[in-house]
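In the numbering used here, the protein residues as written are 58 to 279.
For glycine and all other residues, C-beta sits at the position ideal for the given N, C-alpha and C.
This structure is a prediction, so every number in the text was calculated from the model and none was measured.
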C-alpha cells in the first residue's frame, strides 16, 4: 500500500493476511459492580475488567455510573445496566454495529491532504486520509500515548522506504471522525515515528467516498 505524506511517500508493503481480520464485537455484557466511579464489566464471559467513563473495549463504551447502575454505548446503542442483572445480549447486524453521523465531509488542506482530527478508543489523534493504506497505521509513540497495548498483537513484516520493520497488528475498539464512529477497526502499529495516524481502508471502506474539488464526502454504506 502507498501512504503519502507532506514530504513524499512511504511505501508500506504488508506481508500478512489482513483481509481475513474480522471485527471483535461484544456479544454479551454484564455489570458486576460499581466502585469509585468505575464499572466492573464482564464482556463475553471473560474476566471482569474495570472501566472508567469514556473508556471503550470491544465496542462497549462506558458513558457514566450512578449508584449500582451504569450507562453504556454498546455497539452504537445506549444501554443502562444494573449490578446483578442477567447479561445483556448485544449481538448486532452489520447495519447496527457502527454509530453516529451518516455522513462526513472533509476539506483538503493547502497541500491537498485530508487531515481530520479524530479519536481512537476515545483518545484524540490527528489523522491523514490514505486510501492506499489497507488498515489504519499508527506509530508506537501514538499507541503509548492513547494507552493502546500493541505488544500482544500479531507481528507482521512491513517494508518501508527505510527498510523492513516489524509491526504489530491490532484491533482498535473504536475510531471516530467528526460525529461518525466505527467499531472493531484493524490497525498496524509501527516502531517508526509518524507525524499523524494514517486513516486507511479498514475505516474508509465502511463509507462510500466521493471527492468534489477540495471536498471529500464519506457516506455510511450501512
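What number of angstroms, rounded off, separates the C-alpha of residue i from the C-alpha of residue j?
| i | j | result |
| --- | --- | --- |
| residue 210 | residue 196 | 14 angstroms |
| residue 113 | residue 128 | 12 angstroms |
| residue 167 | residue 268 | 16 angstroms |
| residue 239 | residue 221 | 30 angstroms |
| residue 229 | residue 165 | 26 angstroms |
| residue 270 | residue 169 | 10 angstroms |
| residue 123 | residue 94 | 8 angstroms |
| residue 262 | residue 213 | 22 angstroms |
| residue 257 | residue 237 | 15 angstroms |
| residue 249 | residue 199 | 10 angstroms |
| residue 260 | residue 97 | 29 angstroms |
| residue 182 | residue 133 | 21 angstroms |
| residue 251 | residue 137 | 39 angstroms |
| residue 176 | residue 111 | 12 angstroms |
| residue 253 | residue 180 | 14 angstroms |
| residue 188 | residue 219 | 22 angstroms |
| residue 99 | residue 142 | 12 angstroms |
Any beta carbon from chain C within less than 7 angstroms of residue i's own beta carbon?
| i | result |
| --- | --- |
| residue 129 | The displayed structure is made up of one protein chain only, and chain C is not part of it. |
If you reduce the DSSP assignment to three classes, tell me which class residue i lands in.
| i | result |
| --- | --- |
| residue 270 | coil |
| residue 250 | coil |
| residue 162 | strand |
| residue 80 | At residue 80 the pLDDT is 42, less than 50, meaning the model places this residue with poor confidence; the figure from the coordinates comes in the next sentence. Here residue 80 sits in coil by DSSP. |
Counting only the same chain and skipping the five closest in sequence on each side, list residues whose C-beta sits under 6 angstroms from that of residue i.
| i | result |
| --- | --- |
| residue 273 | 163, 171 |
| residue 275 | 161, 264, 266 |
| residue 173 | 163, 184, 234 |
| residue 277 | 159, 264 |
| residue 186 | 171, 256 |
| residue 207 | 200, 225, 227, 246 |
| residue 109 | 95 |
Within a Cβ cutoff of 7 angstroms, which residues of the same chain sit near residue i, ignoring the five residues on either side of it in sequence?
| i | result |
| --- | --- |
| residue 79 | At residue 79, the pLDDT of 39 sits below 50, so the modelled position is not reliable; the number obtained from the coordinates is stated separately. Closer than 7 angstroms at Cβ, skipping near neighbours: no residue. |
| residue 178 | 113, 203, 205, 229, 230, 231 |
So, for residue i: in the same chain, excluding its five sequence neighbours on each side, which residues have a beta-carbon less than 8 angstroms away from its beta-carbon?
| i | result |
| --- | --- |
| residue 140 | 88, 89, 90, 91, 125, 126 |
| residue 135 | 120, 128, 129 |
* Does the pairing of the segment 92–106 with the segment 220–228 give three or more beta-carbon distances under 8 angstroms? -> Contact check between the segment 92–106 and the segment 220–228: fewer than three CB pairs, one atom from each, fall below 8 angstroms, which does not count as touching.
Quick one: complete alpha helix (DSSP H) runs, 4+ long, within the segment 170–245? 197–202
> If we count Cβ pairs, one from each stretch, closer than 8 angstroms, do we get three or more for the segment 180–198 versus the segment 234–246?
Replying inline: With a cut-off of 8 angstroms, the segment 234–246 and the segment 180–198 count as touching, because enough Cβ pairs lie within range.
Can you give, in chain order, each stretch of the beta strand (DSSP E) that sits fully within the segment 87–148 and has at least 3 residues? 95–100, 106–108, 117–123, 126–131, 134–139
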